[in-house]
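Each remark here refers to the structure printed beneath this line.
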Amino acid sequence: MKKALLLLLVLLTSITIVSCTKNEVTIDKAIEEIRFNTEVNSDFELPTSIYNYKLEWQTTSENLLIENQDTNKVLIKLVKETNVVTATLTLIISNSYDSKVKNYTITISSLPSNEEKVSVSYYDGNTLIESINYKYNTLAIEKSDYNPEGYSLEGWFTDKKLTIKYDFNTPLLSNLTLYAKLIKNPITDSEMIDSDLDNLSTLDFSTENEKIDLPLKGKYNSKIVWQSNNPKIISDQGFIFYPSERTVVKLTATLTLKNFKKTFSKDITVDPFSRTTNLNLNSKKLDFKNLETTFNIPSNRKIDTYYLNDGLLPYVDVQNFFESLNGFILYDKLRFDYQDDYLIKISYNYNSSNYLATIDFKSNTITTQSLTFFDYYTIEYDGISYDNYGITDKIISSTLGDDVLFNLNKYNVNTFIYKDSITNKSKFLIPYHFANHIFTGSSYYNTYYNGDEYYGFYETPEENSLNEVKKSSLNNQKITDDVLYSNYNMLAFLFDNYYGLVDPETPINDYYDILVDYQDDLLVDDSNRLSQNIANFLYKEIDDLHTSFAMEGYYNSSSYTISYDNMEFGERQDKFYSQIYDIEDLVNQKHDIYDYNGYIDYDKLDNMKTYRFLDTNKTTAVIFLYEFLLDESDVSSKGIIRDALQNIYKESSNTKNIVLDLSINGGGHVGAVFDVLGFMTSEAVTHTSFNPLTNSSLTYSSISDMSSVPKSVLDKSRSNNWYILSTIGTFSSANATVALAKEYGYAKIIGEKSGGGASSIQPVVLVDGSIIYISSLDVITFSRNNKFVNIEYGVEPDINLNHLKIQDDKSILNAILNN
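Residues -19 to -1, 1 to 800 (mature numbering (1 follows the signal peptide of the UniProt record, and there is no 0)) are what the sequence shown spells out, left to right.
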């Protein structure tokens, strides 16, 4: 007989004891609660105590063997291998007060033979490694050689939670499932960086979407820096700017971990832009709030807004966008013709002329004969219409120039046609910010999307509505890739197609060539950094005093403003700021118009004495003009000069020289230029509005109604000798005044080269909600010898006078007398 048999399964011999307290349990109750299987085919265990009773087990049967009687449990061994037999097991239960005997009849089934098989299944987690059949009552193999790559075997366990370790000295009496407990091997830095390097080959380098997801850290914390050999097409951040023809770009990753460095390279083929065909759209009807009272747009207006593939970039239907702005846009005068399922032809009539633009959703283009198409279907805003201010503009010649083509493929702009499942009507969708700029941007009336609703205002929001406009559920959020990508593309589109400063000798044909050097700054998802970086780009790279940062976007907190501390300016702006403060100090010493913070005090400005005489005989007088204002209020350029001249002529009949001080005049309304020139000449002034991109032009003859000026004052003024003080601070409309006065001989210029600025400004809403100003395509100039004269970079003086002497009366007088 084999006497080494051990415990098989607890469930076959389990004993159940029902809970009671010691004081409540009688000896009979204790016996009743001792329960176990009496039909067995393997060894089993029994307790040696229950509650406060001692349990002693005895047998006279040759088929049972009792071991370990003195421990907490006794082991009952079976000592018969074949045939079914019975045996008596006796229990003696006792305590200090009572004792009792109970007999149990044990039925012993036939024991398995050594030839029977037992299965052991080895698992790694939920994965079966191997199943092995063993002979009954033999020992299982430990399989200590199981060591997956990077791991070591700690042992085999009978439960999935790996808490009960299996003893391989235990004979197999039934089927068994074992689970491997694995310990991750410590690896070297070299092995870790190699592992991170290997993982890069599994990345998805598909170019179907606008960005490849490039990790910046490996599984083992290797730092990963990506570099593109052609960032104009694939940026270091993984953004894809599709080329005009198939191009192969190499992306290289440099991995660094402590003292180890590795590189990984991948050649990526990028095809020309192809619009997204996987359209997963959702839409919202968002409120539109008009903040400009000049236009009658109902307060309950909604704009249907669409989002592509769970992104946050808003799209609008072209016609719905126009219709939503009815009251500012003369919507009823527009005709929308849909042709061939992919064309929209928008047309209208103005002053007996027909205007037409075509949006082609197949070729992804917008075409029109002239940008003037976008000017005449809106209600003119009083601030930019000079008809009401007595200025007559007569067109004396025009050049149509080149047709306008906006190729949206170049700027990675998705436009698409979407059939509404509810209305069964097609929607012709275009990114909202492109629609806003193309269709309404020239009007100075901006619509503004802040993530939750739309607003309408002139140029930028008024101070009292600024917080409302900027308050958004997206405040302080990271900018999503689709918005960031579109924002970058819009900057390229904007400066390629709407920027007025074009050097005819070295034109910039593709602003992606300029932007590529600023990708690290302009493709950051932190809104505050992005706003600051856009401003830095404008002031350093564009370096144009008419181009500036006006307002932060809706991803910023509503209180955030960019910092001008340590702002890096370009060469032109550096020169301007290196001189303008000195000039302003000299002006303030003369006129006391600045407050203690260095800002203009308009109360002082409005009440200052605007003229002074330079000599005791009062032959020469200076009139100070700070800005160009139309005759729309109590304060205007015409009114300031008129009042000054009246007082001058009252004080002296000897005055023959009038000096107009434009030394810190930064411009204003270009219409006021003709008011000012009207004091110097009775002639209509010829000037040209030139578009340097399309080479179109309109040449005007402009004259101001000077009837508000007494005839005697006007006649004497026009008979006087006029001079203009010019410095680098003489900018924009003041620069135009200097240019036209010098060109046509109305006045002589004293001082230094003027500050320039030939374009009017245009406000632009970027995709992230930032608002910037740029020099527009409306460039003021004049023709000389059948060529347009570029006055953008200033006009040289007739009489040189250092800017540090520009407020010195004696120096000004000597400049006049000696020339």
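Even glycine gets a Cβ: it sits at the ideal position worked out from N, Cα and C.
Looking only at S264, N569 and T669, the smallest Cα-Cα distance to D759 is reached by T669.
Assignment of E533 by DSSP, reduced to helix, strand and coil, places it in the coil class. Rounded to whole angstroms, W703 and M661 show a C-alpha spacing of 7 angstroms.
If the five residues before and after N716 are omitted, its C-beta is found closer than 8 angstroms to the C-beta atoms of G648, S735, G736, G737, G738, A739, I772, G775 and V776, all from its own chain and listed in chain order. With respect to the 7 angstroms criterion, F530 and I753 are classified as neighbours on the basis of their beta carbons. Within its own chain, the residues whose Cβ lies closer than 8 angstroms to the Cβ of N261, once the five positions on either side in sequence are excluded, are L289, N290 and D291, listed in chain order.
Residue state for H650 is assigned as coil, using DSSP reduced to three classes. Among the bridge pairs identified by DSSP, L679 is matched with S379 and S670. With a contact defined as Cβ atoms closer than 8 angstroms, F409 and I515 miss out at about 30 angstroms. With contacts defined by Cβ atoms closer than 7 angstroms, N393 and Y223 form a contacting pair.
Between the stretch 250 to 259 and the stretch 225 to 237 there are three or more inter-stretch CB-CB distances shorter than 8 angstroms, so the stretches are counted as touching.
Using a C-beta cut-off of 8 angstroms, the stretch 174 to 187 makes no contact with the stretch 149 to 165, since fewer than three inter-stretch Cβ pairs fall below that distance.
For V760, there is no enclosing alpha helix (DSSP H); the enclosing beta strand (DSSP E) covers residues I752 to T762.
Buried is the label assigned to Q554, since at least 16 other Cβ atoms lie within 10 Å of its Cβ.
Taking C-alpha positions only, V497 is separated from P279 by approximately 43 angstroms. Under the DSSP assignment, A234 falls in the beta strand (DSSP E) whose first and last residues are T228 to L238. Taking every protein chain shown into account, the CB of V657 has 16 or more other CB atoms within 10 angstroms, so this residue is buried. By the 16-neighbour rule on beta-carbons within 10 angstroms, S402 is exposed. The residue among V99, S792, L72 and L695 with its C-alpha nearest the C-alpha of I87 is L72. Remark: C-beta atoms of G481 and S756 approach each other more closely than 7 angstroms.
Residue range Y132 to F138 is occupied by the beta strand (DSSP E) that includes G136. Rounded to whole angstroms, the separation of the alpha carbons of D185 and T169 is 28 angstroms.
A Cβ-Cβ distance of about 5 angstroms is found for the pair S508 and N537, placing them in contact under the 8 angstroms criterion. In the DSSP secondary-structure assignment, S740 is bridged to V760.
Below 8 angstroms, enough C-beta pairs join the stretch 35 to 47 and the stretch 67 to 85 to call them touching: three or more. Counting along the chain, G437 sits inside no alpha helix (DSSP H); it lies in the beta strand (DSSP E) bounded by residues Y435 to Y439. With at least 16 other beta carbons inside 10 angstroms of its own, K619 counts as buried. Around the CB of Q513, 16 or more other CB atoms lie within 10 Å, so the residue is classed as buried. With fewer than 16 other Cβ atoms from the protein chains shown falling within 10 Å of its own Cβ, D318 counts as exposed.
DSSP, read as helix, strand or coil, puts T718 in helix.
With a minimum length of 4 residues, the unbroken runs of alpha helix (DSSP H) contained wholly in the stretch 254 to 337 fall at 299 to 305. Under DSSP, D374 forms a beta bridge with S683. In this chain, the beta strand (DSSP E) harbouring K204 covers K204 to S209. P129 counts as exposed, since fewer than 16 other C-beta atoms from the protein chains shown sit within 10 angstroms of its C-beta.
Between the C-alpha atoms of F309 and L785 there is a straight-line separation of about 48 angstroms. Per DSSP, the continuous beta strand (DSSP E) segment holding L386 begins and ends at V385 to N388.
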